[in-house]
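This note's numbering applies: residue 267 is where the sequence shown begins, and numbers increase by one. A virtual CB, placed ideally from N, CA and C, is assigned to each residue, including glycine.
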Amino acid sequence: MNSDHTLTERQEVIAQRPQVTFQPEFSVLPNTTAGNSTIHTGVPCLNNSWDISSDENHNDGQEKNEPRVKRRLKSRHLQMVAIGGTIGTGLFVGSGATIATAGPLGSLIGFLTVGIMVYFITTSLGELAAYMPVSGSFNTYAGRFVDPALAFALGWNYWLQWAISLPSELAAAGIIMSFWCPTVPSWVWSAIILGLLVLIHSRGVEGFGESEYWLSIIKVVAIVLFIISGTMVDLGWIGTGPMIGFDNWKIEGAPLKNGIVGIFNVFVVAFYGFGGTELVGVTAGEAINPSKNVPKAIKQTFWRILLFYVIAIFVMGLVVRNDDPSLLDSANKGDITIAPFTLVFERAGLSSAAHVMNGVIFSAVLSASSSAMYAATRTLMSLAHDEKAPAILGKINSKGVPTYSLILTTLIGCLAFLSTIWGDGEVFTWLLNITGSSGIITWLSIAVIHIRFRRAFQLQKESLDRLPYLAPLYPFGPWIAMFIGAVIITGQIYAAIMMQPFQLQNVIAVFIGMPFFFTLYFFYKFTKNTKLVDLYTCDLSGGDNDDYPINVISNNQVLLTAKHNEKE
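Here it is in structure tokens:
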């Protein structure tokens, strides 16, 4: 394709895009500075007076006279939403299985490996979400820069990930509450949490953001106290036993239990544990000033989560033996009697502290479940707005809540009641495996989308100065993430086949998310006859933003359609 033909095609595509009219109360001059106001594209603004309502542009595919989601999430909400969606049963409950399966060192290696991949995925997502802050970001980005079929498959895959994560969190509630009330059926606790979630999310995104903020603070404080207390127990300063030191790293099978196969098995739990880091991309569509707050949340959240996971698991491996019969070992047992965090305090003789910690874990389940419900409902809403799901799922009430998506997600949450039939440990582990395989598909897709996005910028000769946030180490980051992802998938398959005794259900658990994804992809591709998006002519319009949503019309042409909000 020659340059003249490319320019003509681009002009035709641009001419077909909807234009926004407004009354200019300011002027925009390239390469001119005035005052202290500068648009993130590098184009200076002459004053701070804005008179265009961003709400008209923020329609998420709806008609202007219909209700739409509200931008109500503040910077502190975004950071705690990501933390709250990540630090949950994956750490408080699932981490016990990693120590039992791979030993203390094997567990650390597994989480660190996945952590490196997550770092590059979150920075790639941060670049995309800061530039195009829309609800249901992944499927929107995929349709714009890769293939509409990928948008369809990725959106439904991501919905599956969180729709399954919700009942797994609810099933974990029964496990945790059995510490206090072993005679009460686990479905009672699942029903209580599910009812609270519906109440919170029916009140709008403000209720979700504020509740998630305080619940996440409880978890963060609890983890810090656990690390301090666990260290003191290991040193023999508190508790009933002598100094432990690294004795649990020297027992038979430690520190690497089951060798490389054990580490590969950790990946499933690690995926589940780190899953939710990408939630910032979903919340960007309802965030205040996303071009500023999304990058801030991305950069701060990852390091906090990695720090919490690595240190907490390290301390747990010091205090708890990998052959402790109370740990959840999915290879040998289908039940669990106590959560590993609580176990640390109980073994130390701190029964009152164990009760407090169990309450913290219960609040963590509520937090992680709430994040799962939010992500699932917003993804369904986005799919409906893109005409990739029934239109009724995109209906939004006056509070900015996608009501029918919330109802459907709630019904899926009732799957938690299956735990009363097959046993808490088995159902939780199965649901965890399904979520893990779906999560890596989402992460790999984000890396592919980021590469295509940057390639489009290059081919259309757009300046990177327009991007509010640049992912570090590009282009190496997304490629490294995809390489690690491929290695991990291969390792999971190998571990499932080689684990003794061989169980077919372990192999199925590894593959179960992939056939779902590729079936959706090829179904949509063949029925809609979709093709790869032409990067020379694809839409590089920036998403809407409270401070300055930007539509990139062509090289060095910017249409400002925004209303300046007061800084927090």
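Legend entry - Close beta carbons around F607, own chain, < 7 Å, minus the five adjacent residues each side: For the purposes of this step, residue 607 is taken as residue 341 along the sequence shown, with counting starting at 1. Within its own chain, the residues whose Cβ lies closer than 7 Å to the Cβ of F607, once the five positions on either side in sequence are excluded, are F358, F492, M623 and I627, listed in chain order.
Legend entry - C-beta contact flag for A614 and I529 at 8 Å: One-based indexing of the sequence shown puts residue 614 at position 348. One-based indexing of the sequence shown puts residue 529 at position 263. If you check the CB distance, A614 and I529 do not come in under 8 Å.
Legend entry - Limits of the alpha helix (DSSP H) - the one that L677 falls within: The sequence position of residue 677 within the sequence shown is 411, counting from 1. In the DSSP annotation of this structure, the continuous segment of the alpha helix (DSSP H) that includes L677 starts and ends at T669 to G679.
Inset, instruction - Could you work out which residue in I717, V548, I715 and P734 is closest to A642 when comparing CA atoms only? - result: Numbered from its first residue, the sequence shown carries residue 642 at position 376. Restricting attention to I717, V548, I715 and P734, the CA atom closest to the CA of A642 is found in V548.
Legend entry - Residue environment, A550, which counts as buried when at least 16 other CB atoms sit within 10 Å: Within the sequence shown, the letter at position 284 stands for residue 550. By the neighbour-count rule (16 or more Cβ atoms within 10 Å), A550 is buried.
Legend entry - DSSP-derived helix/strand/coil call for L501: Here the question's residue 501 lines up with position 235 in the sequence shown. Reduced to three states, the DSSP call for L501 is coil.
Legend entry - Reduced DSSP secondary structure (H/G/I, E/B, other) of A614: Position 348 of the sequence shown, counting from 1, holds the residue named residue 614. In this structure, A614 counts as coil in the three-state DSSP scheme.
Legend entry - Among W422, Y385 and P370, the one whose alpha carbon lies nearest that of P781: Residue 781 sits at position 515 when you count from the first residue of the sequence shown. Looking at the Cα atoms, W422 is the closest of the given residues.
Inset, instruction - For my contact list, A630 and I353 are in at a C-beta cut-off of 8 Å; report their separation, rounded to the angstrom. - result: Stepping through the sequence shown from its first residue, residue 630 is reached at position 364. Stepping through the sequence shown from its first residue, residue 353 is reached at position 87. Correct: roughly 7 Å between the Cβ atoms.
Legend entry - Span separating the alpha-carbon of L572 from that of G381: For the purposes of this step, residue 572 is identified with residue 306 of the sequence shown, where counting begins at 1. For the purposes of this step, residue 381 is identified with residue 115 of the sequence shown, where counting begins at 1. A direct Cα-to-Cα measurement between L572 and G381 gives close to 7 Å.
Inset, instruction - Reducing DSSP to helix, strand and coil, say where L339 ends up. - result: Position 73 of the sequence shown, counted from the first residue, corresponds to residue 339. In this structure, L339 counts as strand in the three-state DSSP scheme.
Legend entry - Where A368 falls: helix, strand or coil (DSSP): Walking along the sequence shown from the start, residue 368 turns up at place 102. In the three-state DSSP reduction, A368 falls in the helix class (H, G or I).
Inset, instruction - Tell me the start and end of each unbroken alpha helix (DSSP H) in the stretch 407-469 that is at least 4 residues and wholly inside, in chain order. - result: For the stretch 407-469, whole alpha helix (DSSP H) runs of length 4 or above, ordered along the chain, are 414-443 and 452-467.
Legend entry - Spatial neighbours of I235 in its chain, beta-carbon cut-off 7 Å, leaving aside the 5 residues before and after: What is shown of the chain runs 267 to 834, which leaves residue 235 out entirely.
Legend entry - T793, enclosing alpha helix (DSSP H) - first and last residue: Residue mapping note: residue 793 aligns to position 527 of the sequence shown, counting from 1. Judged by DSSP secondary structure, T793 falls within the alpha helix (DSSP H) whose first and last residues are G779 to K794.
Inset, instruction - Identify, in the order they occur along the chain, each residue of the same chain with its Cβ nearer than 6 Å to the Cβ of G502, setting aside the five sequence neighbours on each side. - result: One-based indexing of the sequence shown puts residue 502 at position 236. Taken in chain order, the residues that qualify are P508 and M509.
Legend entry - Cα-Cα separation, F386 to M582: Translated into the one-based positions of the sequence shown, residue 386 becomes position 120. Translated into the one-based positions of the sequence shown, residue 582 becomes position 316. When only Cα atoms are considered, F386 and M582 end up about 27 Å apart.
Inset, instruction - Between the Cα of I715 and those of Q758, G525 and W745, spot the shortest distance and give me the residue it belongs to. - result: Start at 1 with the first residue of the sequence shown, and residue 715 comes out as number 449. The residue with the shortest Cα to Cα distance from I715 is W745.
Inset, instruction - Leaving aside the five residues before and after M443 along the sequence, list all residues of the same chain whose C-beta is less than 6 Å from its C-beta, in chain order. - result: Reading the sequence shown from its first residue, position 177 is the one you call residue 443. Counting only Cβ-Cβ distances below 6 Å, and skipping sequence neighbours, we find W455.
Inset, instruction - Over the uninterrupted alpha helix (DSSP H) stretch that includes P744, give me the two end residues. - result: On the sequence shown, position 478 is the one that residue 744 refers to. Looking at the DSSP string, the run of the alpha helix (DSSP H) that includes P744 is F742 to M764.
Legend entry - Buried or exposed (CB count within 10 angstroms, at least 16 for buried), V309: As a position in the sequence shown, residue 309 is number 43, starting the count at 1. With a pLDDT of only 34 at V309, under 50, the local geometry of the prediction cannot be trusted, and the value read off the model is given with reservation. Counting other Cβ atoms within 10 Å of its Cβ, V309 reaches 16 or more and is therefore classed as buried.
Inset, instruction - Consult DSSP for A520 and reduce its assignment to one of helix, strand or coil. - result: Numbered from its first residue, the sequence shown carries residue 520 at position 254. Residue state, collapsed to three classes: coil.
Legend entry - C-alpha gap between M398 and E518, whole angstroms: The residue given as residue 398 occupies position 132 in the sequence shown. The residue given as residue 518 occupies position 252 in the sequence shown. Just so you know, the alpha carbons of M398 and E518 end up roughly 52 Å apart.
Legend entry - Close beta carbons around W515, own chain, < 6 Å, minus the five adjacent residues each side: Position 249 of the sequence shown, counted from the start, is the residue given in the question as residue 515. The answer, listed in chain order, is P370 and P521.
Legend entry - Contact under 8 Å by Cβ, F568 with T708: To locate residue 568, count along the sequence shown from 1; it is residue 302. To locate residue 708, count along the sequence shown from 1; it is residue 442. Not a contact, by the Cβ cut-off of 8 Å.
Inset, instruction - With DSSP as the reference, please indicate the residues paired to A553 in a beta bridge. - result: Taking the sequence shown and counting its residues from 1, one reaches residue 553 at position 287. In the DSSP assignment, A553 forms a beta bridge with L339.
Legend entry - Cβ-Cβ distance between F418 and K665 below 8 Å: To locate residue 418, count along the sequence shown from 1; it is residue 152. To locate residue 665, count along the sequence shown from 1; it is residue 399. No, these two residues do not count as a Cβ contact at 8 Å.
Legend entry - Proximity winner among D513, L649 and Y740, relative to L426 (alpha-carbon distances): Along the sequence shown, read from residue 1 onward, the residue named residue 426 stands at position 160. Distance check between L426 and each of D513, L649 and Y740 places L649 closest, using alpha-carbon atoms only.
Inset, instruction - Can you give me the start and stop residues for the alpha helix (DSSP H) that I529 sits inside? - result: If you number the sequence shown from 1, residue 529 lands on position 263. Under the DSSP assignment, I529 falls in the alpha helix (DSSP H) whose first and last residues are G525 to F540.
Inset, instruction - Measure the CB-CB distance between T406 and V412 and report whether it falls below 8 Å. - result: Taking the sequence shown and counting its residues from 1, one reaches residue 406 at position 140. Taking the sequence shown and counting its residues from 1, one reaches residue 412 at position 146. No, Cβ-Cβ distance for T406 and V412 is not below 8 Å.
Legend entry - T645 and V384 closer than 8 Å at C-beta: The sequence position of residue 645 within the sequence shown is 379, counting from 1. The sequence position of residue 384 within the sequence shown is 118, counting from 1. If you check the CB distance, T645 and V384 do not come in under 8 Å.
Legend entry - 7 Å CB neighbourhood of M498 in its chain, flanking five on each side removed: Residue 498 sits at position 232 when you count from the first residue of the sequence shown. Excluding sequence neighbours, M498 sits near I504.
Legend entry - Member of Y640, F768 and Y424 whose CA lies at the smallest distance from the CA of A348: Mapped onto the sequence shown, residue 348 falls at position 82. It is Y640.
Inset, instruction - In angstroms with no decimal places, state the Cα-to-Cα distance between D800 and F723. - result: The residue given as residue 800 occupies position 534 in the sequence shown. The residue given as residue 723 occupies position 457 in the sequence shown. For the pair D800 and F723, the Cα-to-Cα distance works out to about 12 Å.
Legend entry - Euclidean distance between Cα positions of S711 and S468: The count along the sequence shown starts at 1 and reaches residue 711 at position 445. The count along the sequence shown starts at 1 and reaches residue 468 at position 202. The straight-line gap from Cα to Cα measures roughly 31 Å.
Inset, instruction - Give me the Cα-Cα distance between S341 and V486, rounded to the nearest whole angstrom. - result: One-based indexing of the sequence shown puts residue 341 at position 75. One-based indexing of the sequence shown puts residue 486 at position 220. So the alpha carbons of these two residues sit roughly 17 Å apart.
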